[in-house]
Amino acid sequence: MDRKLKILNKKHIVVAGSKGMLGESLVQSLENQGATVYQLDLNNKPGENKFECDITDKAQVKQALSEIKSKTDNVTGIVNLAAINPTIDSLGNNTRLSDFNFSKDLESISLTYSGTLNLVSELEDLLSEYSSVVLVGSDLSLISPDQRIYCNCNGSPEMHKAQCSLKPPSYSFEKFGLIGLTKYLSTYFGPKGIRVNCICPGPVDTDFSENFRRRLVERTPMGRLATTKDLNSSIQFLLSDMSDFVTGVALPVDGGRSVW
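Numbered by the working numbering, the letters in the sequence shown go through residues 64 to 323 in order.
As structure tokens, this is what we get:
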């Protein structure tokens, strides 16, 4: 995006998950584009436009948004980054479906489903025509995880006998479901002129091991991983007036990984 062109000037945007790996970078990029950003996060220290809030708790959402409503009567954008994504180091030796604690997985699913609906339902009256809601999925909203990436057995027939880690099934359930929720909300809000879209980023280059990074890059046609700049630019576009006839879209930002 052209830094001289502040495409979000005078926009008022609520960002949930503002303290996460991607949140702080996104907030800064939105402010650089002229937006006023209201930050919600479980780990926030309350401050100017910052609110400590568990978005799965409707009462906490109501409280935080009541404070936002005292500052503005026109929210023009919502971004929900809040998510639980188990790192490869935390997966353990879950080699079979029976190894997973499915009840525990409900925490992550609730964060995506209840958290998103708590936000948009409580902010519905503040969203004006041309407002934009951006949900954040994953390339695994579009494709199944390649379990060989998480394993050192190189995809052999003995994979399930090896000490491999499987990406939990709850992650696919959650991320695929997010696209369905995006389409549902886009048709619900469409008559009001409010847009709802979902970006589906590939893995963001952070502190992966060299071996794990290599496996991911090998499966990406453009030969690199995503950066925070890639994600920020995509979200800026969907929040801006440049995309004012785009709704119900699951936008891959993955260097082609989901088409291979």
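Glycine is no exception: its CB is placed at the ideal position from the N, C-alpha and C atoms.
Remember, predicted model here, so these are calculated numbers, not experimental data.
In DSSP terms, what residue i is bridged to
{"i": "F114", "result": "L103"}
{"i": "C261", "result": "L198 and A313"}
{"i": "E79", "result": "Here the sequence assigns Ala to residue 79, which means Glu is not the residue at that position. Beta-bridge pairing links A79 to L103 and N143."}
{"i": "V138", "result": "L190"}
{"i": "A289", "result": "V267"}
Where the alpha helix (DSSP H) through residue i begins and ends
{"i": "N95", "result": "G86 to N95"}
{"i": "N274", "result": "E273 to E281"}
{"i": "D304", "result": "Unbroken run through D304: none, as it is neither H nor E."}
{"i": "A98", "result": "Where A98 is concerned, there is no enclosing alpha helix (DSSP H), given that its DSSP letter is neither H nor E."}
{"i": "Y251", "result": "P232 to F252"}
{"i": "Q123", "result": "K121 to K132"}
Of the residues the options, the one placed nearest residue i, counting alpha carbons only
{"i": "M285", "options": "N274, S321 and S81", "result": "S321"}
{"i": "L314", "options": "L301, I262 and F275", "result": "I262"}
{"i": "N72", "options": "Q299, T158, G319 and G318", "result": "Q299"}
{"i": "Q102", "options": "F252, H75 and I172", "result": "H75"}
{"i": "L186", "options": "L85, V77, L205 and G240", "result": "V77"}
{"i": "L190", "options": "G243, N260, I141 and L229", "result": "I141"}
{"i": "I172", "options": "E281, N107 and S235", "result": "S235"}
{"i": "Q210", "options": "F275, G240 and D270", "result": "F275"}
{"i": "V100", "options": "K113, G253, P109 and K108", "result": "K113"}
{"i": "K132", "options": "A98, D188 and G80", "result": "D188"}
{"i": "N107", "options": "T269, V267 and G83", "result": "G83"}
{"i": "K238", "options": "S207, S161 and G253", "result": "S207"}
Assigned secondary structure, residue i (DSSP; H/G/I helix, E/B strand, else coil)
{"i": "L68", "result": "coil"}
{"i": "N164", "result": "coil"}
{"i": "S171", "result": "helix"}
{"i": "K255", "result": "helix"}
{"i": "S184", "result": "helix"}
{"i": "L229", "result": "coil"}
{"i": "G178", "result": "helix"}
{"i": "S207", "result": "coil"}
{"i": "F308", "result": "coil"}
Measuring CB atoms only, is the region 131-150 touching the region 192-201, in the sense that at least three cross pairs come out at less than 8 Å? yes
Per the contact definition of three or more C-beta pairs closer than 8 Å, is the region 184-200 in contact with the region 127-139? yes
Evaluate contact between the region 100-120 and the region 170-184, counting only Cβ atoms and requiring at least three cross-stretch pairs below 8 Å. yes
Cβ contact (3+ pairs, closer than 8 Å) linking the region 90-105 and the region 287-303: yes
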